[in-house]
Structure formats: structure tokens, C-alpha cells
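Trainee: Numbering of the sequence shown is given in the numbering used here, commencing with residue 1493 and proceeding in unit increments.
Every residue, glycine too, gets a C-beta built ideally from N, C-alpha and C.
For clarity, every value in this text was computed on a predicted model and none was experimentally measured.
Just passing along the structure, written as C-alpha cells.
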Amino acid sequence: MRRTMIFALAGLALAGPLPVAAAPAVQKEATAADGQVQLFLATLKAGKGGQAVEELMAASPLWAKHAGFSEQMTGQIDAAVKAYGPVISYERVSTTNVGTMATREYYLVQHRDMVTRWEFDLVRTPSGWNVGFFGFTDQPNTWFS
């Protein structure tokens, strides 16, 4: 056991310095866009899906050219609420950084009769951090790898 540990430590020493992770800085910078996500989810929980979509899209210049998306997403949210009941709660389950310019956050959203998983991709633009994509799925078999 002791010999194995010595070899493992020696292997780490030979491997050289470990890369410095940019994750804490990226997460700190992405706070503004995360605030947009939190407002979206709180508004969704309040039963105002259309308003949640409109406010999130209005907060980001990236959505200006996505004609029809608001109506499509609002329709999907309305269908989920009709099928699964109102939103009761939500929780962030993971955050993944891709370099220093993109972060993906997953949330589980508890409806009365089902759980959905929401994805929010936050991207750094010259004007600051914004939500570059959002959507949800009700297919739990796709949530695990």
C-alpha cells in the first residue's frame, strides 16, 4: 500500500504542473446572466410562463433575431404545465464551463406530477454575459450518461 502511494505521488511529480482552472472566474463573471435565469425560473414558478420567456429574451441582445421563438417556447411551457401541473420548485444540478466564454447550467424543475430538466447556456459577449440558449426536456432517460 505504501509503495503504491509513493509511486502514485512520484507519477504526479513527473507529470508537471496541473493546468489552472478558469472555472471560478467564469462562474463569478456569469452571475449577471445567472440572475436572468433565476428571474426566469421564479416567474415560471409563479405561473407566468409567457412573461418568463419574454423577459429572458428581452434581457439579451442575442434573441433579437429569433422571430417566433417566444411563441414556440411559450406553447411548449403551456403544454408541459397542462400535462404535468404547475411548477412547485427548482434546483440547479450542474454547471459546466467551456473555456472562459461559455457556461452551461442544468436545473431540475419539479411540477406537480413530473420533473423537467432545463438547460441554460450562458455566453460572454462584448456587452457582457447573456443567455445564448434555453430549453427543456421531459425525457429523463436522456439526462444520464
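1. Quick one: Cα of residue 1497 to Cα of residue 1594, how far?
2. Taking just the CA atoms, how far does residue 1626 sit from residue 1558?
3. Which residues in the same chain have their Cβ closer than 6 Å to the Cβ of residue 1616, if we skip the five residues on either side of it in sequence?
4. Between the alpha carbons of residue 1613 and residue 1624, how many angstroms are there, rounded?
5. Between the C-alpha atoms of residue 1556 and residue 1564, what's the straight-line distance to the nearest angstrom?
6. Do you know whose CA, among 1533, 1635 and 1531, lies nearest residue 1586's CA?
7. Taking only the alpha-carbon atoms, compute the straight-line gap between residue 1574 and residue 1588 and give it to the nearest angstrom.
8. Would residue 1533 and residue 1582 qualify as a contact pair, given that the criterion is a beta-carbon distance under 8 Å?
9. From which residue to which residue does the alpha helix (DSSP H) around residue 1630 run?
10. Rounded to whole angstroms, what is the Cα-Cα separation between residue 1576 and residue 1620?
11. Quick check: residue 1545 and residue 1562, are their CB atoms within less than 8 Å of each other?
12. Look at residue 1566 and residue 1542 and say whether their C-beta atoms are less than 8 Å apart.
13. Between the Cα of residue 1606 and those of 1631, 1596, 1590 and 1597, spot the shortest distance and give me the residue it belongs to.
14. Ignore the nearest five residues each way along the sequence and tell me which others in residue 1653's own chain have a CB closer than 6 Å to its CB.
Mentor: Straight from the coordinates:
1. Numbered from 1 along the sequence shown, position 5 holds the residue referred to as residue 1497. Numbered from 1 along the sequence shown, position 102 holds the residue referred to as residue 1594. The pLDDT assigned to residue 1497 is 36, lower than 50, so where the model puts this residue is not dependable, and the model offers no usable value.
2. The residue you call residue 1558 lines up with position 66 of the sequence shown. The residue you call residue 1626 lines up with position 134 of the sequence shown. C-alpha separation (whole angstroms): 13 Å.
3. Sequence index remark: in the sequence shown, residue 1616 carries index 124 (1-based). Cβ within range, chain order: 1593.
4. As a working mapping, residue 1613 is identified with position 121 in the sequence shown. As a working mapping, residue 1624 is identified with position 132 in the sequence shown. For residue 1613 and residue 1624, the distance between alpha carbons rounds to 6 Å.
5. Position 64 of the sequence shown, counted from the first residue, corresponds to residue 1556. Position 72 of the sequence shown, counted from the first residue, corresponds to residue 1564. Each residue's alpha carbon lies about 15 Å from the other.
6. For the purposes of this step, residue 1586 is taken as the residue at position 94 of the sequence shown. Closest option to residue 1586, Cα to Cα, is 1635.
7. Here residue 1574 corresponds to residue number 82 of the sequence shown, with the count starting at 1. Here residue 1588 corresponds to residue number 96 of the sequence shown, with the count starting at 1. Roughly 31 Å between the two C-alpha positions.
8. Looking up residue 1533 in the sequence shown gives position 41. Looking up residue 1582 in the sequence shown gives position 90. Yes; because the gap between Cβ atoms is below 8 Å, this pair is in contact.
9. Locating residue 1630 in the sequence shown gives position 138, counting from the first residue. No alpha helix (DSSP H) contains residue 1630, which DSSP labels as neither H nor E.
10. Along the sequence shown, read from residue 1 onward, the residue named residue 1576 stands at position 84. Along the sequence shown, read from residue 1 onward, the residue named residue 1620 stands at position 128. The straight-line gap from Cα to Cα measures roughly 35 Å.
11. Residue mapping note: residue 1545 aligns to position 53 of the sequence shown, counting from 1. Residue mapping note: residue 1562 aligns to position 70 of the sequence shown, counting from 1. In contact: residue 1545 and residue 1562 (Cβ atoms closer than 8 Å).
12. Stepping through the sequence shown from its first residue, residue 1566 is reached at position 74. Stepping through the sequence shown from its first residue, residue 1542 is reached at position 50. Going by C-beta atoms, residue 1566 is nearer than 8 Å to residue 1542.
13. The residue you call residue 1606 lines up with position 114 of the sequence shown. Among 1631, 1596, 1590 and 1597, the Cα nearest to that of residue 1606 is on 1631.
14. The structure shown does not extend to residue 1653, since the chain spans only 1493 to 1637, so no value can be given for it.
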